[in-house]
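J.:
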Amino acid sequence: MTYRAYPPAVPDQFTRLFASPKFASSLALVIIGFAFSTTALRAVIGPPGVVGILVGLVVLAAFSLTARWAGVDWHGLLPISIMVFVGWCALSVLWSSYQLHTLSASLYQLAFTFLAIYIALARDTIQVVRATGDVLRVLLGVSLALEVLSGLLLDTPFVFLGIQGNIGSFGPVQGLFGSRNVFGLVSLIAAVTFAVELRSRSVRRGLGIGSIALAVFGLLLTRSPVILVVALFVGLAALALIWLRATPAANRWLLQIGLLGGTVVAGIIAVAARARITDQLNAGSEFEARTTLWGEIWRLAMLNPLEGWGWAGLWPVDVTPYGWLSFVTGRPQASALNAFLDVYFQVGLVGLLSFFALVTLAFWRSWLLASDKRSMVYVWSPLVLVTLLVTSAAESTVLVDFGWLLLLICAVKAAQGKSWRSLLQPTPHRHPEN
0 MTYRAYPPAV
10 PDQFTRLFAS
20 PKFASSLALV
30 IIGFAFSTTA
40 LRAVIGPPGV
50 VGILVGLVVL
60 AAFSLTARWA
70 GVDWHGLLPI
80 SIMVFVGWCA
90 LSVLWSSYQL
100 HTLSASLYQL
110 AFTFLAIYIA
120 LARDTIQVVR
130 ATGDVLRVLL
140 GVSLALEVLS
150 GLLLDTPFVF
160 LGIQGNIGSF
170 GPVQGLFGSR
180 NVFGLVSLIA
190 AVTFAVELRS
200 RSVRRGLGIG
210 SIALAVFGLL
220 LTRSPVILVV
230 ALFVGLAALA
240 LIWLRATPAA
250 NRWLLQIGLL
260 GGTVVAGIIA
270 VAARARITDQ
280 LNAGSEFEAR
290 TTLWGEIWRL
300 AMLNPLEGWG
310 WAGLWPVDVT
320 PYGWLSFVTG
330 RPQASALNAF
340 LDVYFQVGLV
350 GLLSFFALVT
360 LAFWRSWLLA
370 SDKRSMVYVW
380 SPLVLVTLLV
390 TSAAESTVLV
400 DFGWLLLLIC
410 AVKAAQGKSW
420 RSLLQPTPHR
430 HPEN
């Protein structure tokens, strides 16, 4: 009896392509660029087009991960806190009154989760920093170019992109990101990324300095009081890390405790003096609108305090209770403008606790790595997390798109370096001759 030889399921040339470092580098660059561009892409090609691109990226990442399977470092993966939070969000479809929206939002979240894990596995931290820097140089440059075109050359707003053309009066500007707060957040993340690139000497000095100037210019043009406060926190965190890294390892734990205590005291003072701080920042009207929204969200959240209303990600304004919240505030709302309140509203106390565990573990692990490791590249993750988490008090950006992608990349990278599961691994026995 003769047997017929069948060709392999995947030709060797495709396997080599998907396993190649160049493919992983290019795909990571596209994924990060896509994540930061979703607002503009929705305006240009609509939500179905964004979903189509997302599905295509997931398929390519799956092929690449499969081809690179044998060489992937699975140590510390996957943080249990990520699995618990994402799993609870998906489980909320069982009690959601808008099940179709919850199902689609959960699949959207899972897709970005997979892409974040792929990047964290396929690229080193310095490669992630470089890819993020390359993307943000382009997006900030295009954003400011469009602002100049709208506000100075054509003197007309680009309504479909949300660009109001205010650059002639030095802002506020929105760029490709839909609002000045998000543009300010992106500019601040860019400034951190460019600074780490420059200090780690991964880019030319002239390019690094020019990139930082571009990010700072974009940040100032937003004229956002929210981002001004966030920038202050990021600056203090950077100074604390510089202090820690210069402290001898034997005394570092005492300084860590002191910094933690000082942060708690400063947080209490900030909460107690929030009204005066708001007046000093001249953000009274904006804060009053947010307070109205938060009060109504809290009232509705008390109807389902444990499990929430059901995961929705970006709010669907045409369903209850999100349409009601837009009606009460007199403007369409796409989020709770506070990530932690948003999580509590959508997935209840269980979801809030799991999300809090996720961000706390990610920040603590990345902070310890940045304190102990000599390479400057480890500073990037904690500073990006500070940027995202402090902004979370006024925006829900960390829950979707680029915010969620960066949060998970930092969480997975930190888990690979500081996972408690590494303690469970047996120490390899060395041969006596070695």
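When you line the sequence shown up against numbering that gives the first Met the number 0, it's residues 0 to 433, in that order.
Don't be surprised by glycine CBs; every beta carbon is placed ideally from N, CA and C.
Using the DSSP secondary-structure output, state which residues sit across from residue 44 in a beta bridge.
T.: Per DSSP, none; premise fails for residue 44.
J.: For residue 366, is the classification buried or exposed, using 16 other Cβ atoms within 10 angstroms of its Cβ as the cut-off for buried?
T.: buried
J.: Please classify residue 381 as buried or exposed, where buried requires at least 16 other C-beta atoms within 10 Å of its C-beta.
T.: buried
J.: Within this structure, are the beta carbons of residue 395 and residue 335 separated by less than 8 Å?
T.: yes
J.: Under the rule that 16 or more other beta-carbon atoms within 10 Å means buried, what is residue 172, buried or exposed?
T.: By the 10 Å Cβ count, residue 172 comes out buried.
J.: Buried or exposed for residue 196, please, with buried defined as at least 16 other CB atoms from any protein chain shown within 10 angstroms of its CB.
T.: buried
J.: Taking 8 Å as the threshold (beta carbon to beta carbon), is residue 190 in contact with chain D?
T.: Of the protein chains in this structure there is only one, and it is not chain D.
J.: How is the alpha helix (DSSP H) around residue 123 delimited, first residue to last?
T.: Counting along the chain, residue 123 falls outside any alpha helix (DSSP H), and DSSP gives it neither H nor E.
J.: May I have a chain-ordered list of the alpha helix (DSSP H) segments no shorter than 4 residues that lie completely inside the stretch 265-350?
T.: 273-279, 283-300 and 321-328
J.: Less than 8 Å between the CB atoms is what I'm expecting for residue 159 and residue 42, so what's the real figure, rounded?
T.: 5 Å
J.: State whether the stretch 174-190 contacts the stretch 367-377, with contact taken as three or more CB pairs (one from each stretch) at a distance under 8 Å.
T.: no
J.: Below 8 Å on the Cβ atoms is my guess for residue 181 versus residue 393; work out the distance and round it to an integer in Å.
T.: In fact, because the Cβ distance is near 11 Å, the residues do not count as touching under 8 Å.
J.: Can you name the residues that DSSP bridges to residue 401?
T.: None, per the DSSP bridge assignment.
J.: Please go through the stretch 152-198 and give each complete alpha helix (DSSP H) segment of 4 or more residues, from N-terminal end onward.
T.: 179-198
J.: Report, in whole angstroms, the separation of the C-beta atoms of residue 108 and residue 92, which I expect to be a contact under 8 Å.
T.: Their Cβ separation, rounded to whole angstroms, is 12 Å, which puts residue 108 and residue 92 out of contact at 8 Å.
J.: Determine the burial state of residue 151: buried for a count of at least 16 other Cβ atoms within 10 Å of its Cβ, exposed for fewer.
T.: exposed
J.: Does the stretch 100-118 touch the stretch 306-322, meaning 3 or more C-beta pairs lie closer than 8 Å?
T.: yes
J.: Could you check if residue 374 is buried or exposed, using at least 16 other CB atoms within 10 Å of its CB as the buried criterion?
T.: exposed
J.: Does residue 379 come out as helix, strand or coil in the three-state DSSP assignment?
T.: helix
J.: Return the CA-CA distance between residue 431 and residue 416, expressed in angstroms with no decimal places.
T.: In this prediction, residue 431 has a pLDDT of 38, which is less than 50 and means its spatial position is unreliable; what the coordinates show is noted afterwards. Going from the Cα of residue 431 to the Cα of residue 416 covers about 29 Å.
J.: For residue 25, report the span of its alpha helix (DSSP H) as first-last.
T.: 20-35
J.: Using 8 Å as the threshold, is the stretch 242-258 in touch with the stretch 286-306, meaning 3 or more CB pairs across them?
T.: With a cut-off of 8 Å, the stretch 286-306 and the stretch 242-258 do not count as touching, because too few Cβ pairs lie within range.
J.: Alpha carbons only, please: which of 134, 80 and 20 is nearest the one belonging to residue 401?
T.: Ranking the options by Cα distance to residue 401, first place goes to 134.
J.: So the candidates are 261, 129 and 110; which of them puts its Cα closest to the Cα of residue 58?
T.: 110
J.: Is residue 391 helix, strand or coil by DSSP?
T.: coil
J.: Less than 6 Å between C-beta atoms, sequence neighbours within five positions excluded: which residues of the same chain meet that for residue 299?
T.: 320
J.: When you compare only the Cα positions, how much space is there between residue 2 and residue 13?
T.: Residue placement at residue 2 is poorly supported in this model, since its pLDDT is 43, which falls under 50; the coordinates still yield a value, given next. When rounded, the distance between both Cα atoms is 26 Å.
J.: Quick check on DSSP: helix, strand or coil for residue 246?
T.: coil
J.: Would you report the Cα separation of residue 354 and residue 363, rounded to the nearest angstrom?
T.: 14 Å
J.: Taking a contact to mean a Cβ-Cβ separation below 8 Å, would you say residue 331 touches residue 100 in this structure?
T.: no
J.: For residue 252, is the classification buried or exposed, using 16 other Cβ atoms within 10 angstroms of its Cβ as the cut-off for buried?
T.: exposed
J.: In this structure, does DSSP put residue 67 in helix, strand or coil?
T.: The answer is coil: DSSP assigns residue 67 none of H, G, I, E or B.
J.: Looking only at C-alpha atoms, which of 243, 30, 132 and 411 sits nearest to residue 185?
T.: 132
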